[in-house]
Amino acid sequence: MNAQLKFVVDELKALYPKKDYNIIEFDGFEPDQLVQILSNVICTIESKEAVNTRSENREMTIKRLLNSLYIMKYRPPSGNEYDLAQSLFLGEKSAILPLLEWLLKERSTLEKRAYLGRYLIKIEVPPALRGDSNLEELFENYEQLLETFKDAHREREQHLSAGSNTGELRGDLAVMEREREIVAAKVATLQKTRVEGSKANAALLARVKALRESRAKRDMLLEQKARLQTTCVEMERFVARTKQQVAEARRAAHGVTPQGLLQRAEEEEKVSTYIANEKIPADMKSGQTQLQLLREVASQTCLTRSDLAQVEQQVRALSSEVNALLERRMAAADPADDKLTPFKQQAAMLGRKKEAAAEALGELKKESAALKSKLEKIQGQLMPGEELPLTEEQFKKYMGQLKPRTELFKAKRSQLSSQTAECGVLSRTLEILRSNHELAQRQLGDEERRLGLSGYSSTASQLAEVNATKTELDLQKESKLEALSKTILELNQIIASKKAKLAPAIQELRPLREQYQAALADFNKLKQVYDATAANLGSASNKIEQEIKQIEEETRQAASEAALFGAKTEVVDAQKEVLVQEMAFYKSGDKSKSLRERLNAKIAEEEKRGRHLKEAQRAMKDSEPANERQTMLWENVERIFAAKLRHVTTARRDSGVFRRERGAETLVILN
């Protein structure tokens with residue numbers, strides 16, 4: 001706490017040198033004095049004039065301070081803004097002292113936040129006023145100006161950060177200047193030792209010049225060769241496409257008759273006539289109707305609740321009239337006497353089918369256009385050497401444009417040769433100018449070194465560019481800030497005028513609310529009557545439904561009992577038939593076919609099979625000890641062989657090589 005108090009007092013001394021604060025005096029300040037100091041610090045950060053909190057309403061002071069803290073993104077330690085507001089209202093030192101510490105510690109960052117928050121905090125427009133087109137347009141311009149201000153501020157920050165590296169740039173320029181001097185000294189040494197020291201230096205320079213010109217000419221010829229090769233490849237692709245399209249056209253024309261072509265043309269003409277005479281006018285009519293409705297809606301003013309209630313009443317009245325007219329028409333009309341009804345239905349079905357076919361045709365045309373555009377895109381992305389079949393229209397267009405393209409190619413080729421020669425002359429001129437520029441730069445550097453100002457020209461040019469850019473950005477920012485302030489004032493004026501216009505409407509709304517309350521009371525009474533009637537009807541219908549369900553359940557039970565009785569009857573009949581057959585067999589004396597004899601034979605057979613199984617079980621029990629002993633012996637033999645195999649493997653790994661050939665195993669012992 002003492003360290004915090006000491007930090008706050010020291011920072012306040014630095015911020016306000018004319019006021020002599022000390023720890024003892026600051027610790028004894030009253031709540032009003034602490035709130036005044038907090039207000040002064042926030043006004044200083046926001047670059048505003050100090051406000052006397054004694055002459056200002058305390059609630060307005062707290063609201064202003066909380067608004068500023070919200071812009072500066074201050075988070076209370078408790079996380080509750082209500083507690084912070086209450087502490088500031090009471091002037092508690094435990095809340096104001098940490099707040100002052102945070103403000104003074106983060107003053108540079110908070111100054112930037114306060115500056116940006118002055119222009120970036122959006123004005124809240126009530127939803128009731130957002131329907132005005134002028135206000136909406138003005139608000140959109142206001143948002144665009146905000147985005148423009150953000151971009152301008154971001155560019156300014158970038159240029160300021162770039163301008164802060166001037167010292168580093170000067171150091172880099174000095175290092176580059178030293179490196180350039182070293183390279184220039186090496187070049188001068190090489191020129192003295194290899195060029196000026198040689199006897200045939202003039203001839204050597206002439207040969208170097210000729211070599212450079214020949215290389216430039218070679219590069220130019222290679223580039224021209226590459227262009228010609230690309231042109232040849234494209235022409236070959238065109239020829240291949242043309243051949244393929246001709247073949248496709250021949251295949252398509254094979255087997256085509258004039259009657260078929262005429263029939264296809266007639267079908268296309270019918271479809272086009274239907275679309276032009278029926279579908280398009282109907283679509284245009286519906287679009288015009290919808291447009292007229294939208295215009296009427298746009299031309300009307302905003303509807304109030306009373307207008308909406310009146311419109312709803314009109315809609316309900318019209319709906320009831322339409323339903324009554326339909327009922328009268330249905331009652332008056334007799335479908336049995338109307339002989340044209342089937343034909344009308346068929347005509348309606350055909351019309352719907354036509355509309356569906358026209359819509360499907362439109363979708364297919366859209367899909368065809370999309371596929372054609374996709375095909376053109378793919379053709380543009382094809383690599384040289386790839387082939388793609390051309391359409392008939394493309395082939396005809398190509399054949400028509402082939403001759404003028406050839407003439408154009410010849411003319412362009414002649415122009416290319418002349419421009420190539422001119423390019424050689426210009427490239428040589430450019431080399432001469434570059435050499436002169438380098439010579440002038442070296443002379444300028446020598447002059448700067450002689451005067452002790454190395455790198456002055458380059459640094460001065462860069463600084464001039466940075467200053468010009470900064471000046472331009474400052475001017476843009478000032479103009480945008482003025483426009484933004486003007487827009488904010490206009491918005492405030494419009495909001496005030498809209499509030500003044502809405503005041504009489506609000507006064508008119510009060511009697512309407514009373515009428516609404518009275519209508520609502522009547523509605524509730526009628527609703528209670530309706531609910532009681534519906535409840536009575538519901539209870540009666542529920543009782544009837546329960547009786548129906550009970551009768552259905554009794555019917556299902558009777559049906560199931562009848563089905564069960566029928567099944568039992570069938571079983572008794574079958575048993576009766578068996579008894580009749582048995583009586584017949586006994587009377588005839590042929591008892592072998594009777595059911596009793598067949599069952600006795602099966603019982604005797606099963607008893608015989610059981611005796612055989614018991615004898616086999618007894619034999620297995622007698623041989624069980626011998627089998628167990630034999631199993632144990634085989635397991636012992638298996639363990640012996642496994643031990644021998646492990647022993648052989650160990651011996652082979654330790655003392656020799658174990659070979660296996662043609663079923664024989666040999667151990668070769670290594671000494």
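The opening residue of the sequence shown carries number 1 in full-length UniProt numbering; numbering runs sequentially from there.
Ideal Cβ placement from N, Cα and C applies to all residues, glycine included.
What is the C-beta distance between R156 and K477, in whole angstroms, given that I count them as a contact (C-beta under 8 Å)? Yes, they are in contact, since the Cβ atoms of R156 and K477 sit about 6 Å apart, within 8 Å.
Would you mind sorting A95 into buried or exposed? The rule is 16 or more other CB atoms within 10 Å of its CB. buried
Burial state of I42 (16 or more Cβ within 10 Å): buried
Go ahead and pull the three-state DSSP assignment for residue 704. The structure shown does not extend to residue 704, since the chain is modelled only from 1 to 671, so the question has no answer here.
According to DSSP, simplified to helix, strand and coil, what is I37? helix
In whole angstroms, what is the alpha-carbon distance linking P258 and E327? 57 Å
Other residues of its chain near M383: CB distance less than 8 Å, five sequence neighbours each side excluded: Here M383 scores only 49 on pLDDT, less than 50, and its place in the model is too uncertain to base an answer on.
Any contact between the segment 59 to 77 and the segment 113 to 123? By contact I mean 3 or more CB pairs, one from each, below 8 Å. yes
Going straight from the alpha carbon of E312 to that of R329, what length do you get? Taking the straight line from one Cα to the other gives about 26 Å.
How is D20 classed by DSSP in three states: helix, strand or coil? Here D20 sits in coil by DSSP.
Between which two residues does the alpha helix (DSSP H) harbouring S623 extend? Neither: S623 is in no alpha helix (DSSP H) and is coded neither H nor E.
Supposed contact pair L481 and L138 - C-beta distance, whole angstroms, cut 8 Å: So it is not a contact: roughly 17 Å between Cβ atoms.
Using the Cα positions of E267 and R305, report the straight-line distance between them to the nearest angstrom. 57 Å
Does the segment 52 to 61 touch the segment 3 to 16, meaning 3 or more C-beta pairs lie closer than 8 Å? no
Short of 8 Å in beta carbon distance, which residues of its chain neighbour E386, apart from the five on each side in sequence? Order them along the chain. Any reading at E386 needs caution, since the residue's pLDDT is 49, under 50, leaving its predicted position unreliable; the model's value is listed next. Closer than 8 Å at the Cβ level, and outside the excluded window around E386, lie R237.
S497 by DSSP, collapsed to three states: which one? helix
Take every Cβ of the segment 494 to 505, pair it with every Cβ of the segment 133 to 148, and state whether three or more of those distances are shorter than 8 Å. yes
Would you call the segment 100 to 113 in contact with the segment 22 to 42, where contact means no fewer than 3 C-beta pairs closer than 8 Å? Taking 8 Å as the limit for Cβ pairs, the verdict is that the segment 22 to 42 does touch the segment 100 to 113.
Return yes when the Cβ of E111 is within less than 7 Å of the Cβ of I45, no when it is not. yes
Please check if any C-beta of chain D sits within less than 7 Å of the C-beta of L15. Included in the structure is just one protein chain, with no chain D present.
For residue 700, does the count of other Cβ atoms within 10 angstroms reach 16, so buried, or fall short, so exposed? Because the chain spans 1 through 671 in this model, residue 700 falls outside it and cannot be assessed.
Along the chain, where does the alpha helix (DSSP H) that runs through I275 open and close? Where I275 is concerned, there is no enclosing alpha helix (DSSP H), given that its DSSP letter is neither H nor E.
How many angstroms separate the CA atom of Q557 from the CA atom of I548? 14 Å
Using the beta-carbon count (16 or more within 10 Å), is L228 buried or exposed? exposed
Does DSSP put F29 in a helix, a strand or coil? Under the three-state reduction of DSSP, F29 is assigned to coil, being neither helix nor strand.
Let's test the definition: count the other Cβ atoms within 10 Å of the Cβ of S373 and tell me whether it reaches 16, buried, or not, exposed. exposed
Taking its Cβ as the centre, do 16 or more other Cβ atoms sit within 10 Å of G400, making it buried, or is it exposed? exposed
Indicate whether I121 and A85 have their beta-carbon atoms separated by less than 7 Å. no
Cα separation between R75 and L489? The straight-line gap from Cα to Cα measures roughly 31 Å.
Environment of Q550 [buried if 16+ CB atoms lie within 10 Å]: exposed
Ordered along the chain, which non-local residues of its own chain (more than five positions away) have a Cβ less than 7 Å from that of residue 694? For the chain, the structure presents residues 1 to 671; residue 694 sits outside this window and is missing.
Name the residue from L293, M349, K217 and A505 whose alpha carbon lies nearest to the alpha carbon of L426. Ranking L293, M349, K217 and A505 by Cα distance to L426 puts K217 first.
Roughly how many whole angstroms lie between the Cα atoms of R450 and E181? Rounded to whole angstroms, R450 to E181 spans 13 Å at the Cα level.
Whole-Å CB distance - V35 paired with G79, under 8 Å assumed: The distance from the Cβ of V35 to that of G79 is about 22 Å, inconsistent with a contact at the 8 Å cut-off.
What alpha helix (DSSP H) runs, 4 residues minimum, are completely inside the segment 213 to 297? 258 to 274
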